[in-house]
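Asks: Residue numbers (this note's numbering): 8 to 234.
Below: one structure in C-alpha cells.
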Amino acid sequence: MKRIEPLLIGIVIIAIITVAITRYAGSMTGRWGDFDGIKEARAVLKTLPLEIDGAVGTWVADGERALDSESIRMLRIQNSYILRTYRNTVTQEAVHLTIMVGPTGRITVHTPEICFGGRDYEIEAARTHIPFSVQLASGEEIEDMFWRVDFVGRTLDIDNRISFYWAVSTGGPWEARNNPRRDFRSYRFVYRIQAEAFFGSAEGGDAVRRFLEDALPVIHEHLRPCS
Numbered sequence: 008m009k010r011i012e013p014l015l016i017g018i019v020i021i022a023i024i025t026v027a028i029t030r031y032a033g034s035m036t037g038r039w040g041d042f043d044g045i046k047e048a049r050a051v052l053k054t055l056p057l058e059i060d061g062a063v064g065t066w067v068a069d070g071e072r073a074l075d076s077e078s079i080r081m082l083r084i085q086n087s088y089i090l091r092t093y094r095n096t097v098t099q100e101a102v103h104l105t106i107m108v109g110p111t112g113r114i115t116v117h118t119p120e121i122c123f124g125g126r127d128y129e130i131e132a133a134r135t136h137i138p139f140s141v142q143l144a145s146g147e148e149i150e151d152m153f154w155r156v157d158f159v160g161r162t163l164d165i166d167n168r169i170s171f172y173w174a175v176s177t178g179g180p181w182e183a184r185n186n187p188r189r190d191f192r193s194y195r196f197v198y199r200i201q202a203e204a205f206f207g208s209a210e211g212g213d214a215v216r217r218f219l220e221d222a223l224p225v226i227h228e229h230l231r232p233c234s
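Spelled out as C-alpha cells, the structure:
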C-alpha cells in the first residue's frame with residue numbers, strides 16, 4: 008500500500024496540472040466563453056457609420072457583408088467583425104474594409120502574403136510601413152502605423168493590381184509589428200484592420216490611403232481597450 012500511495016499522489020498532481028493548463032489555455036483563447044470587455048468592443052465596433060465624410064466626397068458603404076464560415080470558425084470572430092465596401096461619391100473609388108476583434112493568436116498571424124497571394128496574383132514589392140497622423144474629435148493627435156503590400160495580377164483578364172493595408176490595435180494606435188502574436192501575447196484579444204482596393208496600373212493612385220486618412224478619426228471612436 009505504501010508503494011501505491013506515491014503513485015496515486017503523482018497521478019492526482021498531474022491531473023490537477025493538466026486541468027489548470029487546459030483552463031488557462033481556454034481562457035486565453037476564448038474557448039470557454041467571451042473575454043471580459045469583448046462584448047462591449049464588439050457592440051461598439053458594429054456602430055461604425057456607413058457614411059464617412061471625406062476631404063473630397065463622402066465614403067458610403069453598401070451595407071454589411073459576411074465572411075465565409077470557415078474563416079469565422081478559424082479566427083473565432085463570430086459576430087465580432089465588420090466587412091464593408093465603401094465607395095466615394097465623387098471619385099467613385101471603392102475600398103474594401105474589414106475590422107475584427109478576437110483572440111490575439113488567431114487574428115494576428117494571417118497576413119495578405121499568406122492568405123491572398125496564389126495562382127492569380129503575385130507580390131509586386133516587399134511590404135512597407137505607412138504612417139498616418141490622426142487628429143481625433145477630442146483634439147488629441149495620435150500616430151498610426153500600417154503595413155502596405157501590393158499584388159499584381161499574373162494574367163490580363165483580371166484587375167491588374169491590388170493594394171493591401173493592415174495593422175493591429177489594442178484599442179489605441181494602430182501598429183504594424185513584425186511579430187504581433189508575440190508582441191501582443193499579454194492581451195487576450197486585439198483588433199485587426201485590413202483595407203484593400205483594386206487599381207489598374209502603377210499610376211492608378213492610392214484609394215486606400217485616401218480612405219484611411221478620412222476614416223481613421225472615426226474608426227478610433229469605435230475602439231475600446233483590450234484586455
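C-beta: ideal position from N, C-alpha, C; glycine also.
Please read these numbers as outputs of a predicted model, since none were measured by experiment.
Considering only their Cβ atoms, is the gap separating Leu82 from Arg49 smaller than 7 Å?
Replies: Position 42 of the sequence shown, counted from the start, is the residue given in the question as residue 49. Position 75 of the sequence shown, counted from the start, is the residue given in the question as residue 82. No.
Asks: Classify His136: buried if its beta carbon has 16 or more other beta carbons within 10 angstroms, exposed otherwise.
Replies: Counting from 1 along the sequence shown, the entry for residue 136 is found at position 129. So His136 counts as exposed.
Asks: Indicate whether at least one CB of chain B lies closer than 7 Å to the CB of Val215.
Replies: Absence of chain B from the displayed structure is noted, only one protein chain being present.
Asks: From what residue to what residue does the beta strand (DSSP E) around Phe176 run?
Replies: Counted from its first residue, the sequence shown places residue 176 at position 169. Checking the sequence shown, residue 176 turns out to be Ser, not Phe. Where Ser176 is concerned, the enclosing beta strand (DSSP E) stretches over 168 to 176.
Asks: Can the beta-carbon of Val141 be found closer than 7 Å to that of Asp151?
Replies: Mapped onto the sequence shown, residue 141 falls at position 134. Mapped onto the sequence shown, residue 151 falls at position 144. Against a cut-off of 7 Å, the Cβ pair of Asp151 and Val141 comes out as a contact.
Asks: Considering only C-alpha positions, which residue in the set Gln85, Ser87, Gly64, Glu77 is nearest to Tyr93?
Replies: Reading the sequence shown from its first residue, position 86 is the one you call residue 93. Nearest of Gln85, Ser87, Gly64, Glu77 to Tyr93, Cα basis: Gly64.
Asks: Going by other Cβ atoms of all chains shown within 10 Å of its Cβ, with 16 needed for buried, is Arg80 buried or exposed?
Replies: On the sequence shown, position 73 is the one that residue 80 refers to. Exposed, since its Cβ has fewer than 16 Cβ neighbours within 10 Å.
Asks: Measure the C-alpha to C-alpha separation of Ile226 and Ile200 and round it to an integer number of angstroms.
Replies: Mapped onto the sequence shown, residue 226 falls at position 219. Mapped onto the sequence shown, residue 200 falls at position 193. The alpha-carbon atoms of Ile226 and Ile200 are separated by roughly 10 Å.
Asks: Let me check understanding here. Comparing Cα to Cα, which of Phe171, Gly207, Leu52, Glu220 lies closest to Gly109?
Replies: For this step, residue 109 is matched to residue 102 along the sequence shown. Closest by alpha carbon: Leu52.
Asks: Could you check if Pro232 is buried or exposed, using at least 16 other CB atoms within 10 Å of its CB as the buried criterion?
Replies: Locating residue 232 in the sequence shown gives position 225, where the first residue counts as 1. Burial call: exposed.
Asks: Contact check, Leu90 vs Glu71 under 8 Å by CB: the rounded distance?
Replies: Taking the sequence shown and counting its residues from 1, the one referred to as residue 90 is at position 83. Taking the sequence shown and counting its residues from 1, the one referred to as residue 71 is at position 64. Between Glu71 and Leu90 the Cβ distance is about 7 Å, and since that is below 8 Å, they are a contact.
Asks: Count the other C-beta atoms from every protein chain shown that fall within 10 angstroms of the C-beta of Asn95, then say buried if there are 16 or more, exposed otherwise.
Replies: As a position in the sequence shown, residue 95 is number 88, starting the count at 1. Per the 10 Å Cβ criterion, buried.
Asks: Thinking C-alpha only, which one of Arg192, Ile59, Trp181 is nearest Pro138?
Replies: Your numbering for residue 138 matches position 131 in the sequence shown. If we check each option's Cα against that of Pro138, Trp181 comes out closest.
Asks: Name the residue from Glu228, Glu129, His103 whose alpha carbon lies nearest to the alpha carbon of Trp173.
Replies: The count along the sequence shown starts at 1 and reaches residue 173 at position 166. Selected option, being the one with the closest Cα: His103.
Asks: Determine which residues share a DSSP beta bridge with Phe191 and list them.
Replies: As a working note, residue 191 is residue 184 in the sequence shown. DSSP lists no partner for Phe191.
Asks: By the DSSP assignment, the alpha helix (DSSP H) with Glu47 in it spans what residues?
Replies: Residue mapping note: residue 47 aligns to position 40 of the sequence shown, counting from 1. Note, Glu47: alpha helix (DSSP H), 45 to 52.
Asks: Between the beta-carbon of Ser170 and the beta-carbon of Ala204, is there less than 7 Å?
Replies: The residue you call residue 170 lines up with position 163 of the sequence shown. The residue you call residue 204 lines up with position 197 of the sequence shown. Yes, they are a contact pair.
Asks: Report yes if the CB atom of Glu131 is closer than 7 Å to the CB atom of Val159, and no otherwise.
Replies: Here residue 131 corresponds to residue number 124 of the sequence shown, with the count starting at 1. Here residue 159 corresponds to residue number 152 of the sequence shown, with the count starting at 1. A contact, by the Cβ cut-off of 7 Å.
Asks: Could you check which residue in Glu129, Phe191, Asp190, Val116 has the C-alpha nearest to that of Arg161?
Replies: Along the sequence shown, read from residue 1 onward, the residue named residue 161 stands at position 154. Taking only the C-alpha atoms, the option nearest Arg161 is Glu129.
Asks: Grab the span of the alpha helix (DSSP H) containing Glu120 for me, first residue to last.
Replies: The residue you call residue 120 lines up with position 113 of the sequence shown. Unbroken alpha helix (DSSP H) run through Glu120: 119 to 122.
Asks: With a CB to CB cut of under 8 Å and the five nearest residues on each side skipped, what residues in its chain are close to Pro224?
Replies: Here residue 224 is taken as the residue at index 217 of the sequence shown, counted from 1. The answer, listed in chain order, is Val141, Gln142, Leu143, Ala144.
Asks: Can you say whether Pro187 is buried or exposed, counting buried as having 16 or more other CB atoms within 10 angstroms of its CB?
Replies: The residue given as residue 187 occupies position 180 in the sequence shown. That one is buried.
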